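Undergrad:
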Amino acid sequence: MAADERKLVTLQHVACCICGGVDGTPVGVGEDFEYHTTPHSFLAVRCPTCDLIYLDPRPTAASLSVIYPDEYHAFAFDEEQFGLVHKVRSRLEARRLLRAGRGLPADAHVLDVGCGDGFHLDLLRKHGPSGWQLHGVDTDARAVAAARQRGLNVEECPVELSALEPGSIDFALCIQTIEHVGDPVAILRAIGNLLKPGGRLYLITDNTGSPDFKITRGRHWGGYHFPRHWNLFNKPSMRKLAAAADLEVEKLSTTTSPVNWTYSIRNTLVDWHAPKWMVNRFSLKAAPALAIFTALDSAFTIIGRGALLRVILRRSK
Amino acid sequence: MSAATPPVAVPPVPVAVPPVIVLGGGIAGLLAAHELGRHGVAAEVYEAGPRIAGMAASHTDADGFSYDVGAHFVTNRFMAALGMDVPCRTLPRYGEVVHLSPKKHPVYPIGLLGVPRFVRSAVWEKVRRPRRDLLLASDRFRHDYGRKLADEVALPLLEAWSGLPADQLSASVIDKIPTGLAQTIWLRIAQRITKRAVMIGYCKEEPSATGVFHVYPEGGVAAICQHVANGLAQPVHVGQAAEKIYTDGERVTGVRIAGRDIETNTVISTLPINRLPQLIEGSDRLDRFRRFQFRGLVLVNLKLTGRELLPDVIVWTPHGFPYFRVTEAPLAMPWIAPDDKTMILCEFGAQPGDDVWAMTDEEAVERCVSTLDPLIPDVRSRLLGASVLRQPLGYPVFALDYEPDRAALAAEGTGIAGLYSVGRNGEFDHILMEDTFWRLRRRIPAIARDHQRCTMTATLIKGDNDEHSTI
């Protein structure tokens, strides 16, 4: 997006979504380095009570159409454009999902919250047991249209307003979604309500306990994804979030992703006016950078500090 | 309770927390009200002048030169924290040098290390004298920076903007540069790479970083004030001067503003701390602040042809000039002057009533033009016009005389519960806009809690009394 197409958005002050405190201290300040949708600078603050990192102030809900442009990658992660990366990612993600869903009944109901264009549901359809009933919800009309195009059963609404029967879901997914929403506690409560007693939620989100956050949190950390990631967690704040939503933590670990590393470097280069050929070495289409950072982040995952938090939460019986 | 009252549980009447009264509609007062609002406490801001942001008002003259006091101290971090709703331009550069005759301009502070006699004397001073508590500014400067650097650069500048000899000033005047040497060098490199005025040491409350740099919001500091004012639940009351602050000796009980008494238990004042005691009724605890002094400034702005007339944005002039600092702001903010023209600001330390303060505008301009030659050789032929501003509240003077009282104000506040003195003039401290903001962010939660607690207590006592009276 060209500089002159950037639009000012309305911003609002917010409190910590877990404890309601407004005493956040500044951690990082940055701009929309990836899509250049808006000229604002955004401040990431840390809640001293919860260790949550959140954007304050942040765009209002009315600004979503500005900060999620049509070319946004979650709406457009297709095989044609992303080639090899798409193949590798699909295989890895399918394996992770099926491992997390091990032990589910053959006719399990699976719900993907914030399903985007249906990438994960599609993987389950292709690689999972054929008896699974797959559902999705997403609030973005463009994403929902893309998912429906794939023949998936997707509702266009926030999960709180889903028409699904309460207590009907065996297994819910919330993959890189919770960081985009304004009230993660409400979302998790709504998911908990849809889960059967003992049902599980598999949640993936950026990890602020990772070394790349530590190194680049002042401005360029890929996980900020300014201004679209509103709430960012580490292990302690994730435990607090789960407690606030009345869900039990079954497993809390980290998993490997090269994306934040790649974008931390890309954002630095973009911000420091590096030549385009150099910037392009670091993108979701740049297989060498992704391979290197996958290897690096795998090492950090072994010591529990991978780029993404991998959480399994359970509705108590 | 009378017999007619139905025997049902009456829900407690919601306690309407009365607003905190904020005195002053400048940036500090507006930010205080803004922060209180975030904590759910209402505030009413009273400004004595005819509009908000008095000093900070920006204006552009008929020749296209803009005047915007303090605008270059705004950072992207500060603007992000406020959610500023106007576009901000990034300053391409910002730097300071020291003019040492003949014609040497070491970059502050790193370049001064390139002058061998300064380094020798600084090292010698450290070796010779063990570290100890030094009370005088003169001793402390000589100890920290070496005798040569202190006597040739630091002390003359300190004396010029304080108006007192350095042996009558407190050592606490030394602003510790919040960034270390290695970090300063790294930030300067980042400034080169990013072509942005990376903020180096201009905020004491939050750290410097390569991603924090000087920006200029469209409309300047006045636009910041307007943005904050627009976000307040209540409009600012302008043209309403505070006349009295009532206390019971221990705590604030109310204020009189423009002839009207208002009950409150919390007042946040941004008035100069030496004027605050005049308003206090029922306590003499603030009288010790009466003798605090601010050093005035006479600011002479020369409009000149050309650009890049100075080696950097700020040139400190410890010797041989009647002013202590010369600034070419268009180097940092090219848009504030027409192309191929520039503005040179000369700052004189002065006191209302002294000879410098009493100069006519013509005399002040002539004094600049006749002495700027070593810095700008052909200054007279470049001159297009000039303006002179007299600012009585330039800098707080850290006189040794009242140092214990100053330290007490910084550590314990005003001494009256519920009365808070904030901002540069209220805190009597060398702080800039962003410092004021972060300090308020840290202080307001406790102020808000105290205000709510006191209001609840007052309401309970009042409620008890009401009930007794009906029995």
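Sequence lines, in order, name chains A and H. Counted from 1, the first sequence has number 204 at position 216 by our numbering; the numbering is strictly sequential. Numbering-wise, our numbering comes out as the position in the second sequence, counting from 1, plus 8. The C-beta atom is built at its ideal place from N, Cα and C for all residues, glycine as well. Fair warning: this is a prediction, and the values are worked out from it, not measured in the lab.
Between H:A190 and chain A, is there a C-beta pair that is closer than 7 Å?
TA: no
Undergrad: Between H:N282 and chain A, is there a C-beta pair that is closer than 7 Å?
TA: Not an interface residue.
Undergrad: Verify whether the separation of the beta carbon atoms of A:H208 and A:N255 is less than 7 Å.
TA: yes
Undergrad: So is H:E251 in contact with chain A if we call contact Cβ pairs under 7 Å?
TA: no
Undergrad: Skipping 5 residues on each side, what residues in its chain have a beta carbon closer than 8 Å to that of H:D377?
TA: Before going further, note that residue 377 of chain H is Val rather than Asp in the sequence given. Cβ within range, chain order: L310, V387, R388 and L391.
Undergrad: Excluding the 5 residues flanking H:F297 on each side, which residues of the same chain have their C-beta closer than 7 Å to its C-beta?
TA: Taking C-beta separations shorter than 7 Å and ignoring five residues to either side along the sequence, the partners of H:F297 in its chain run I281, N282, L284, P285, D413 and L417, following chain order.
Undergrad: Given that a residue counts as buried once 16 or more other Cβ atoms are within 10 Å of its Cβ, and exposed if not, what is A:T47?
TA: The sequence shown places Pro at residue 47 of chain A, rather than the Thr named in the question. Classification of A:P47: buried, given that the 10 Å Cβ count is 16 or more.
Undergrad: Hey, A:G186 and A:R293: beta-carbon distance below 7 Å or not?
TA: no
Undergrad: Does DSSP put A:H108 in a helix, a strand or coil?
TA: Assigned with DSSP and collapsed to three states, A:H108 falls in helix.
Undergrad: For H:T255, write down the residues that DSSP places opposite it in a beta bridge.
TA: The partner list for H:T255 (beta bridge, DSSP) reads H:V260.
Undergrad: Would you tell me roughly how many angstroms separate the C-alpha atoms of H:D369 and H:V334, rounded to the nearest one?
TA: Using only the alpha carbons, I get a separation of about 17 Å.
Undergrad: Kindly list the residues whose CB is nearer than 7 Å to the CB of H:T278, restricted to its own chain and excluding five residues on each side of it in sequence; keep chain order.
TA: L31, G32, G34, A36, G37, V430, G431, N433 and G434
Undergrad: State the DSSP-derived secondary structure class of H:A2, mapped to helix, strand or coil.
TA: There is no way to answer for residue 2 of chain H, as the model of chain H reaches only from 9 to 479.
Undergrad: Sorted by chain position, which residues of the same chain lie with C-beta nearer than 8 Å to H:P400's C-beta, five sequence neighbours on each side aside?
TA: F302, G304 and P360
Undergrad: Tell me which residue opens and which closes the alpha helix (DSSP H) that A:K228 is part of.
TA: Taken as a continuous stretch (DSSP letters only), the alpha helix (DSSP H) holding A:K228 covers K223 to A232.
Undergrad: Threshold first: 3 residues or longer. Then list the beta strand (DSSP E) segments lying entirely within the stretch 31 to 87 of chain A, N to C.
TA: Within the stretch 31 to 87 of chain A, the complete beta strand (DSSP E) runs of at least 3 residues are 41 to 43.
Undergrad: Between H:R264, H:D292, H:L142 and H:Q460, which has its C-alpha nearest H:T422's C-alpha?
TA: H:D292
Undergrad: Helix, strand or coil for H:M351? Go by DSSP, reduced to three states.
TA: In the structure shown, H:M351 sits in a strand (DSSP, three-state: E or B).
Undergrad: Can you tell me which of the three DSSP states A:I290 falls into?
TA: helix
Undergrad: Look at the Cβ atom of A:L161, then the Cβ atom of A:D200, and state whether they are nearer than 7 Å.
TA: no
Undergrad: Rank A:V142, A:T13, A:G170 and A:S252 by C-alpha distance to the C-alpha of A:R130 and give the top, closest one.
TA: A:V142
Undergrad: Hey, does A:S53 have any beta-carbon neighbour from chain H nearer than 7 Å?
TA: no
Undergrad: Can you tell me which of the three DSSP states A:K202 falls into?
TA: helix
Undergrad: For A:A96 and A:D158, which I take to be in contact (beta-carbon distance under 8 Å), what is that distance rounded to the nearest angstrom?
TA: 4 Å
Undergrad: Would you kindly check if the distance between the Cβ of H:W169 and the Cβ of H:G357 is under 7 Å?
TA: yes
Undergrad: Where does the unbroken alpha helix (DSSP H) through H:W132 begin, and where does it stop?
TA: Taken as a continuous stretch (DSSP letters only), the alpha helix (DSSP H) holding H:W132 covers P124 to R136.
Undergrad: From A:R298 to H:A456, what distance separates their C-alpha atoms?
TA: 39 Å
Undergrad: Going along chain H in order, which residues have a C-beta closer than 8 Å to the C-beta of A:W209?
TA: The premise fails here: A:W209 is roughly 10 Å from chain H at the closest Cβ pair, so nothing lies under 8 Å.
Undergrad: Beta-carbon within less than 7 Å of A:H115's beta-carbon, same chain only, minus the 5 sequence neighbours each way: which residues are those?
TA: A82 and L86
Undergrad: Could you check what DSSP says for A:K305 in three-state terms: helix, strand or coil?
TA: It is coil, neither helix nor strand.
Undergrad: Go to H:W324, then tell me how far its beta strand (DSSP E) extends in each direction, as first and last residue.
TA: Run containing H:W324: I322 to W324, per the beta strand (DSSP E) assignment.
Undergrad: Taking only beta-carbon positions, decide if A:P27 is within less than 7 Å of chain H.
TA: Taking 7 Å as the threshold, the shortest C-beta distance from A:P27 to chain H falls below it.
Undergrad: Which residue or residues does DSSP assign as beta-bridge partners of A:Q0?
TA: A:R46
Undergrad: Going by other Cβ atoms of all chains shown within 10 Å of its Cβ, with 16 needed for buried, is A:C145 buried or exposed?
TA: Here A:C145 is exposed, its C-beta having fewer than 16 other C-beta atoms within 10 Å.
Undergrad: For the beta strand (DSSP E) holding A:Q121, just list the boundary residues, first then last.
TA: Q121 to D126
Undergrad: If you follow the alpha helix (DSSP H) that H:R375 is in, where does it begin and where does it stop?
TA: D369 to V377
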